[in-house]
Structures are given as structure tokens and as C-alpha cells.
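Numbering (the numbering used here), first residue to last: 372 to 793. Below is one structure, written out as C-alpha cells; the observations come after it.
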Amino acid sequence: MAYSKRLLTILTFFVIVIGAFADNGINSPYSRYGLGILSDQNLGINRQMGGLGYALRSNGYINLLNPASISEIDSLTMLFEAGFSLQNVNFKENGKKINAHNASFDYLAMEFRIRKGLGLSLGFMPYSNVGYSFSNTSKVDDNSNSINNYNGTGGLYQPYVAIGWSPIKDFSLGITASYLYGDISHTISSTISNDANARSRARYYKIDVSNYKLDFGIQYSPRFNDKHSMTIGAVYSLGHNLNADAQIIGHTLTNGTIETESSDTIKIKDGFKIPHTIGFGVIYNYGTHWRFGADYTFQGWGSSDFFGDNKGENRSKISVGAEYSPNKISRNILKMMNYRAGLYYAQPYTNVNGKSGCEEYGASLGFSIPIRNNYNTRSMVHISGQYIHMEPKSAGMIEENYLRINIGITFNENWFNKIKVK
Numbered sequence: 372m373a374y375s376k377r378l379l380t381i382l383t384f385f386v387i388v389i390g391a392f393a394d395n396g397i398n399s400p401y402s403r404y405g406l407g408i409l410s411d412q413n414l415g416i417n418r419q420m421g422g423l424g425y426a427l428r429s430n431g432y433i434n435l436l437n438p439a440s441i442s443e444i445d446s447l448t449m450l451f452e453a454g455f456s457l458q459n460v461n462f463k464e465n466g467k468k469i470n471a472h473n474a475s476f477d478y479l480a481m482e483f484r485i486r487k488g489l490g491l492s493l494g495f496m497p498y499s500n501v502g503y504s505f506s507n508t509s510k511v512d513d514n515s516n517s518i519n520n521y522n523g524t525g526g527l528y529q530p531y532v533a534i535g536w537s538p539i540k541d542f543s544l545g546i547t548a549s550y551l552y553g554d555i556s557h558t559i560s561s562t563i564s565n566d567a568n569a570r571s572r573a574r575y576y577k578i579d580v581s582n583y584k585l586d587f588g589i590q591y592s593p594r595f596n597d598k599h600s601m602t603i604g605a606v607y608s609l610g611h612n613l614n615a616d617a618q619i620i621g622h623t624l625t626n627g628t629i630e631t632e633s634s635d636t637i638k639i640k641d642g643f644k645i646p647h648t649i650g651f652g653v654i655y656n657y658g659t660h661w662r663f664g665a666d667y668t669f670q671g672w673g674s675s676d677f678f679g680d681n682k683g684e685n686r687s688k689i690s691v692g693a694e695y696s697p698n699k700i701s702r703n704i705l706k707m708m709n710y711r712a713g714l715y716y717a718q719p720y721t722n723v724n725g726k727s728g729c730e731e732y733g734a735s736l737g738f739s740i741p742i743r744n745n746y747n748t749r750s751m752v753h754i755s756g757q758y759i760h761m762e763p764k765s766a767g768m769i770e771e772n773y774l775r776i777n778i779g780i781t782f783n784e785n786w787f788n789k790i791k792v793k
């Protein structure tokens, strides 16, 4: 009965906080392209290690980058994790700099064991985010200017169910099934200053998505001796057409009023896809203190276009990371903590005005602190700092630099203990 009440409480909490994802914490003009700024499905540990995760396994935290890792959960544990982030982004263009501040609630996930070698995870996280608002001005004549305004909101989200199974020793496989949904809106409007009677144009781009997403993963963990071991992981995500309802609506306005007879609508079919994705990773463990790893990801966005004119590009990403755990059974809190660091590089997945977008460079440094009380010493708080640099590949584009603080909390509870009264 106690277990059922706890599970009902968490599921209710899931439903309530889903609304928090409406404020996605994004403020980037590059979210205007493609499906927005992609989320890499990183949880607290992954963020500390530069997005590493294809070969990570543990019964103490959740790793969604490879569903095969879910099979590692032990028989007494219920894991529940929530993540938040705070960031400052600096935009730089033609010597001018502007700062913006954002905060977001990033993900929810829970994980528990069904039977020996079989684990289940449920959760909710974003797939992509859109958020921007900017304008530019050009001169028409000596008395007036043309003002162009650009606004975008929305994103795609994915509640998921994932299963990891270990049919034989040291080998596991898994699958994640997600419901991919959401809507994205872009608006471009042009007006002429100092001319109340001038006509203006507004153009609205809209997409509504309701589809599925499937991810598959495997892991193999050979052991050489007490000091040396490793895990090899691989993932594959099924690419397919989203069958999204997309349209471009154009209006002519006079004195701010739409001239309905001049409105035009263009409907777009089969332009929006999620790509086939493959990834490989390896983790090397030295004793119980050190862990090193690397991941490679390839996404085939080159076959996609967005609203008919914004083409996709094939994207590669490389991540490397390391972890140091001094002494997990020590009474010294500094020795009980886990210390992690990582680096990554990613190519753009969209074109920007017919040119390649921004290359992305990231570095992270973090630690996990155990939450200690009278009945639980296994829950953790994951804190990391990230620096992300968006480097334009073409002249005239905006450079972006992010400083981000990520906070994740993993509740590790013994929900399935049976108390015997003698």
C-alpha cells in the first residue's frame, strides 16, 4: 500500500510539472531554424561529463542516452530525478554585445526494477526548444525606415517509457519509446516607419507535431581483472517522417488591420523529419576511483528540409569525459563526492540563410554530493557548470557564448524493502 501511494504521488507530480516546460529557457535566434535548438537528452551525470553516456552504467543514477543501462538497477531501489538550469548567454555581432538570462525546468525521470536483469524508466523531457525575439532596420528613403520583426516560440517534447534487459551476464539491451508532440510558431512582420497609411506584411510559420520516436541500445561490459574493466555501448534512433501539419500564412495589413482578401496560405507536407541516428561509446574503469570515456554520434539531417526552404545538414558530435570518486564509504563528505569533467564538439544540423550554421564547443565541470540523513545516504545532488561557445561558420552571423549552471537531484530510495517483525 505504501509503495502504491508513493508511486501515485510521483505520477501526480509528473503531471503537474509538465506545464513548467512551457518556459523552455531558450533565447537564441538560431532556434528560428530547423526544429529549434536540439536537446541531447542529458541528465545530471551526462551534463557533468560533456554529454557522455552511451557506455555509462550504474544502479545509483539514471542514464537515458542508452536504454540498455536501465538493466543495472538493483532490486530494492527506486530512482527519481529532476533537473533545472540557470544560464547567461552573451550575443556578439559586429562588435556589439548583449546579455540575456534564462532559467528552465529541464527533465523528470524515474527508474525501478521489474525483475532480475529487467528495469523500467518513465519520464518527460524536451526534444527541441524555440524562443527568440529580435528586429532589424533598413533605410527606405530620407524620411522612413523598414522595420523587420522576428519572433518564435514553442518546441517539441517527449514523454517516454524505456526498458533495459540483461539476458546474459555482462550484456544488456534496451528500447525507449517516446511520444513526440508539440507546436512551433515563427512570425516575420515588416512595417514602414513614419507612414501611417503604408501597407505592411506579416508571415506566420506554424508546425504541429504528434508522432512517435524509437531508440535502441546495447551495452557489453567485459571484465579483465579487479583494476581494469570497460563497457562498450551503441545506440540507434529510428528516423522517419513526422507527418506534421505545417503551413505558411501570409497577410497584408493596412493600419494594422488584416486585408483578408489578400491573405495566402501554403501547406507543406513531408518536409519535417527526425533523422536516423547512430552512436558509439566506450568507458574504461580503473579500479573504483577513475572512469574515462568517449562517445561519437552521427545524425542524418541532410535529407530534411524545414518549411520548404531551410535545409538540414548531417551532424556529428564527439564527447569525452572523466570521473574521479575518492572513497564512497568514507565519512569525509569531500571524499564521498564524485568529481566529473567533460568536453564536446558538435557540427550544425541546419543551414542559416543558405550557409552552414554554428559549430558548437562545450566544456563542463561538476560534482555530485550525497544527501545524508538517518535513513538514506544514497541520494545525490548533481551540480555542474557549463561553458558553450557557438562559433559561426560564415561571416555576418551572431556568435553566442553560454555560461550555464545545471542542478539535478537524484532521490535513491529503498521502496521495496520488506520489514519483518519478530
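Built from N, CA and C at the ideal position, the CB exists for glycine as well. Predicted model only: the values in this text are computed from it and were never measured.
With 16 other Cβ atoms within 10 Å as the buried cut-off, status of residue i
i	result
residue 673	exposed
residue 781	buried
residue 393	Low confidence applies here, because residue 393 scores a pLDDT of 47, under 50, leaving its location unreliable; read the following figure in that light. That one is exposed.
residue 429	exposed
residue 524	buried
residue 711	buried
residue 713	buried
residue 775	buried
residue 599	exposed
residue 547	buried
residue 709	buried
residue 595	exposed
residue 743	exposed
residue 446	exposed
residue 721	buried
residue 662	buried
residue 484	buried
residue 641	exposed
residue 638	exposed
residue 472	exposed
residue 597	exposed
C-beta atoms of residue i and residue j nearer than 8 Å
i	j	result
residue 678	residue 603	no
residue 578	residue 517	no
residue 647	residue 608	yes
residue 501	residue 402	yes
residue 474	residue 452	no
residue 407	residue 526	yes
residue 537	residue 519	no
residue 450	residue 412	no
residue 719	residue 686	yes
residue 778	residue 454	yes
residue 462	residue 694	no
residue 668	residue 650	yes
residue 692	residue 457	no
residue 498	residue 528	yes
residue 773	residue 460	yes
residue 690	residue 665	yes
residue 643	residue 591	no
residue 545	residue 553	no
residue 418	residue 737	yes
Identity of the residues DSSP links to residue i by a beta bridge
i	result
residue 784	449
residue 503	523
residue 794	Residue 794 is absent from the structure shown; the chain starts at 372 and stops at 793.
residue 715	690 and 733
residue 493	481 and 532
residue 590	543 and 604
residue 635	621
residue 757	735 and 775
residue 727	722
residue 552	528 and 581
residue 616	579
residue 471	460
residue 741	751
- Query: Okay, do the region 426 to 442 and the region 470 to 490 touch, 3+ Cβ pairs below 8 Å being the bar?
  - Reply: Contact between the region 426 to 442 and the region 470 to 490 is present, because at least three Cβ pairs lie under 8 Å.
- Item | Contact between the region 650 to 657 and the region 699 to 710 (3+ Cβ pairs under 8 Å) | Verdict: no, contact absent.
- Query: Three or more C-beta pairs closer than 8 Å, one from the region 722 to 731 and one from the region 753 to 766: is that the case here?
  - Reply: The region 722 to 731 vs the region 753 to 766: in contact.
- Could you tell me whether the region 610 to 617 touches the region 576 to 595, where touching means 3 or more Cβ pairs closer than 8 Å? The region 610 to 617 is in contact with the region 576 to 595.
- Message: My parser needs the beta strand (DSSP E) runs of 3 or more residues fully inside the region 646 to 684; what are they?
- Response: For the region 646 to 684, the continuous beta strand (DSSP E) assignments of 3+ residues that do not extend past its boundaries occur at 648 to 657 and 661 to 670, in sequence order.
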